[in-house]
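Protein sequence lines correspond, in order, to chains A and B.
Per the numbering used here, the first sequence starts with residue 1, numbered consecutively.
Per the numbering used here, the second sequence starts with residue 1, numbered consecutively.
The beta-carbon is built from N, C-alpha and C at its ideal position, and this holds for glycine as well.
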Amino acid sequence: MEEMNREETVHIAPVGDEALLVEFGERIDETLNRRVHLLKNRLGKTGIRGIRETLPTYRSLLIFYDPALLSYKRLCRKLAGLLKTEEDQTVDGRQTVGKSRPTGGGQAVEENQTTGGILAVPCCYGGRHGPDLADMEKALQITADEIVRLHCGVDYKVYMIGFLPGFPYLGGLDERIRMPRLAVPRTKIPARSVGIGDSQTGVYPVDSPGGWRLIGKTPLDFYCPQKEPPVLCRAGTYIRFVPVDERAYEAIRKDVESGVYRPEYVA
Amino acid sequence: MKMEIISAGPLSTVQDKGRFGYLEYGIGQAGVMDRDAFQKANALVGNRDNEAVIEATLLGPAFRFDKDTLIACMGADMQGRSEADGRIVERGRAFPVRAGETVRFGMAKCGVRGYIAVAGGIDVPVVMGSRSTDCKCGIGGYEGRRLKDGDLLSVFDANLSEKATKRLLKKSFSPMQYGTDIVLRVIPGPQIGYFTERGIQTFLETAYEVTSESDRMGIRLRGPAIEGKGGMDIVSDGITFGSIQVTSSGLPIILAAEHQTTGGYAQIAAVAAIDLPYLAQARPGDRIHFQKAAIEDVQRERKKRRYSL
């Protein structure tokens, strides 16, 4: 399988005349995503004149550039060089990591360099914050406690941010707590709700319509336009949900609102 | 100086070039739909090239100032006139406005989006590096929303000495005429391989009609379905202003200034940036003809025209 991934060719294509897309594959896959972020970081470090910004997704990196300073052809050449060295690095990385699921090991820490660990996201499960947890118990034939345990038992990689400002697409949800989306989406999901939609889990950063099953709520703001950066977690980093009761939730929320809360990172 | 919005029109927002550097956080670029009209309107009133202006849609606003100033209108012809003396705001020239005088714009005679620049530029807070309104995220512009009747905008001071004004009033651009058939050069995109040869031929050889379900997020088109080899769903990629996505119905959507940052439909092609101003002025019912272009040719043309971001 690993060998097959390596065979996958990197595909570069223009997206208009001010951006190009580097596509590493066509699947949602930890290895592909790691390569996306590796290239993003390398571009950041290399500082090629004319690159304006980059947008990572599950399997691709969109690069915006200024054609007055950098032509498509020249950027392609530069990327070819970077990708060549990146490939060597990825192979090395795989040899030392060799684990399919990140559990806070070396790779996670390395990729969380900017923050220094796995972001702890307190979550108050069930009750008024997680109105769909009871339905999930019935549908999945698993107790609420077990659902919470499984949801908190994984360090989720933020594969990408999209859809809404600060909305994290998280990879790694335990198969046992997958749950199809609601047949009729809610017209308004309150900000900070934690939900499950099929094989994905995530946090709604702002009030929004949506069809995911709501299992809890975090007191943390995933999007705050006054802050720099305006989002709590960046693509390529890891988060872990930590269960808290209603009282702790309220206490943390108060701290967040008064600006004294400092995000916690776990090893 | 204050600018009082007497009547805002259906969708008038404060915009500059856009918000750059926040795409990876899920925050789009927003900004003006028609960069060309925006730059010219600013130039006519002596503004630096990224001062915030009002982008009006189909029906223009009415407003007045508490001091004498200069305004300029480019883009759609919204037939502005002074209610004090009936003078017409010609597109392509600066227009002096007296304190207290109401200027009222009407329905767009041609084009869709009118750009009204005020000498000095509109003074709204810079949010994440831009004054552009992003209605979806509720940030930028005036309180993060479209303008409403009664809003009171601040305008930066401008150097409007007699000499400077005289010089500015001499400046002119020929106003654009917008036809109902619009040719857009397109560069084949990352998922061009998702489409059959017949599908690509359909895309390039038939006219697509602009529908009324078009807005600052995207221009939706009607016409023959574009044949794909399989499904149109992809694992989400980043998208740009000008990206052409084909949905499962086979119909293309051209993403506009306020598009979401990522999309899950196949991108068949993207519009050349120098042609986006024409797209911005396309009215429901107009016909769009896509013309295939090579990235090298488009970038060469930009250089020749000294088109800059």
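Under 8 Å between C-beta atoms of Ala-76(B) and Glu-101(B): Annotated as distal: Ala-76(B) and Glu-101(B), with beta-carbon spacing of 8 Å or more.
Closer than 8 Å to chain A by CB, Gly-9(B): In terms of beta-carbon proximity, Gly-9(B) stays away from the interface with chain A, with every pair separated by 8 Å or more.
Sequence ranges, alpha helix (DSSP H) only - wholly within the region 233-290 of chain B, length at least 4: With a minimum length of 4 residues, the continuous alpha helix (DSSP H) runs that stay inside the region 233-290 of chain B are 276-280.
Residue(s) in a DSSP beta bridge with His-11(A): His-11(A) is bridged to Glu-23(A).
Which listed residue (Arg-34(A), Asp-17(A) and Glu-18(A)) has its alpha carbon closest to that of Gly-25(A): Closest by alpha carbon: Arg-34(A).
Selection of the region 55-80 of chain A by Cβ proximity to chain B, strictly under 8 Å: Flagged, chain order: Leu-55, Pro-56, Thr-57, Tyr-58, Arg-59, Ser-60, Leu-61, Leu-62, Phe-64, Asp-66, Pro-67, Ala-68, Ser-71, Tyr-72 and Lys-73.
Min CB distance Thr-190(B) to chain A below 8 Å: Looking at the sequence itself, residue 190(B) is Pro, so the reference to Thr does not match. Yes, Pro-190(B) lies at the interface with chain A (some Cβ there is under 8 Å from its Cβ).
For Leu-79(A) and Leu-160(B), the rounded distance between their alpha carbons: C-alpha separation (whole angstroms): 49 Å.
Listed by chain order, chain A residues near Ser-236(B) by CB distance under 9 Å: Near Ser-236(B) (Cβ distances below 9 Å), the residues of chain A are Thr-57, Tyr-58, Arg-59, Ser-60, Met-160, Gly-162, Phe-163 and Tyr-169.
Sequence-distant residues of its chain with Cβ nearer than 6 Å to Gly-166(A) (five each side left out): Only residues of its own chain outside the window of five on either side were considered, and among them Pro-205, Phe-222, Tyr-223 and Val-231 have a CB closer than 6 Å to the CB of Gly-166(A), listed in chain order.
Option in Ala-158(B), Asp-157(B) and Thr-133(B) with minimal Cα separation from Arg-146(B): In terms of CA proximity to Arg-146(B), Thr-133(B) leads the group Ala-158(B), Asp-157(B) and Thr-133(B).
Cutoff 8 Å: Val-260(A) Cβ touching any chain B Cβ: By this cut-off, Val-260(A) is not an interface position.
Residue environment, His-289(B), which counts as buried when at least 16 other CB atoms sit within 10 Å: Taking every protein chain shown into account, the CB of His-289(B) has fewer than 16 other CB atoms within 10 angstroms, so this residue is exposed.
Beta-carbon spacing of Pro-56(A), Val-36(A) below 8 Å: In this structure, Val-36(A) lies closer than 8 Å to Pro-56(A) by Cβ.
Beta strand (DSSP E) segment containing Glu-264(A), residue limits: From DSSP, the beta strand (DSSP E) with Glu-264(A) extends over 264-266.
Ala-300(B), DSSP secondary structure in three states: Ala is not the amino acid found at residue 300(B); the sequence shown has Arg there. Correct three-state label for Arg-300(B): helix.
Residues near Ala-37(B) in its chain [Cβ-Cβ closer than 6 Å; skip 5 each side]: Within the same chain, and ignoring the five residues on either side of Ala-37(B) in sequence, the residues whose Cβ sits closer than 6 Å to its Cβ are Met-74, Gly-75 and Tyr-115.
Proximity test, Cβ basis, 8 Å: Gly-21(B) and chain A: Gly-21(B) belongs to the set of residues whose beta carbon lies under 8 Å from a beta carbon in chain A.
Residue of Thr-9(A), Arg-234(A), Glu-18(A) and Glu-246(A) minimising C-alpha distance to Lys-302(B): Correcting the residue type first, residue 302(B) is Arg in the shown sequence and not Lys. With distances taken between Cα atoms, Arg-302(B) lies closest to Glu-18(A).
Proximal residues of chain A, C-beta to C-beta of Gln-267(B) below 7 Å: Contact annotation for Gln-267(B) against chain A: Val-15 [CB-CB distance below 7 Å, chain order].
is_contact[Ile-182(B), chain A] using C-beta, thresh 8 Å: For Ile-182(B), the answer is no, since every Cβ of chain A falls outside 8 Å of its Cβ.
Neighbour flag for Ala-248(A) against chain B, beta carbons, 8 Å: It does not; no Cβ of chain B falls within 8 Å.
Span separating the alpha-carbon of Tyr-58(A) from that of Gln-177(B): Each residue's alpha carbon lies about 43 Å from the other.
Chain-ordered neighbours of Arg-302(B) on chain A, where CB pairs are closer than 8 Å: Asp-17, Pro-67 and Ala-68, listed in chain order.
Thr-240(B) to Lys-73(A) span [Cα, whole Å]: Rounded to whole angstroms, Thr-240(B) to Lys-73(A) spans 19 Å at the Cα level.
Under 7 Å by beta carbon: chain A residues contacting Gly-242(B): By Cβ distance, chain A contributes Gly-16.
Host beta strand (DSSP E) of Phe-63(B) (start-end): Segment 62-65, the beta strand (DSSP E) holding Phe-63(B).
Residues that Pro-185(A) contacts on chain B, provided the C-beta gap is smaller than 9 Å: Simply none; closest approach about 16 Å.
Under 8 Å between C-beta atoms of Val-97(B) and Asp-68(B): Their beta carbons are under 8 Å apart, which means Val-97(B) touches Asp-68(B) by this criterion.
Environment of Gln-201(B) [buried if 16+ CB atoms lie within 10 Å]: It counts as exposed.
Endpoints, the beta strand (DSSP E) within which Cys-152(A) is located: Per DSSP, Cys-152(A) lies in no beta strand (DSSP E) segment; the continuous alpha helix (DSSP H) that holds it begins and ends at 144-152.
is_contact[Leu-21(A), chain B] using C-beta, thresh 8 Å: Leu-21(A) counts as touching chain B.
Closest by C-alpha distance to Arg-178(A), when choosing among Gln-141(A), Asp-207(A) and Ala-191(A): It is Gln-141(A).
Cross-chain neighbours of Val-271(B) in chain A, by beta carbon under 7 Å: Chain order gives the chain A residues near Val-271(B) as Gly-16, where near means a beta carbon separation below 7 Å.
Where Val-256(A) sits in the DSSP three-state scheme: Three-state result, Val-256(A): helix.
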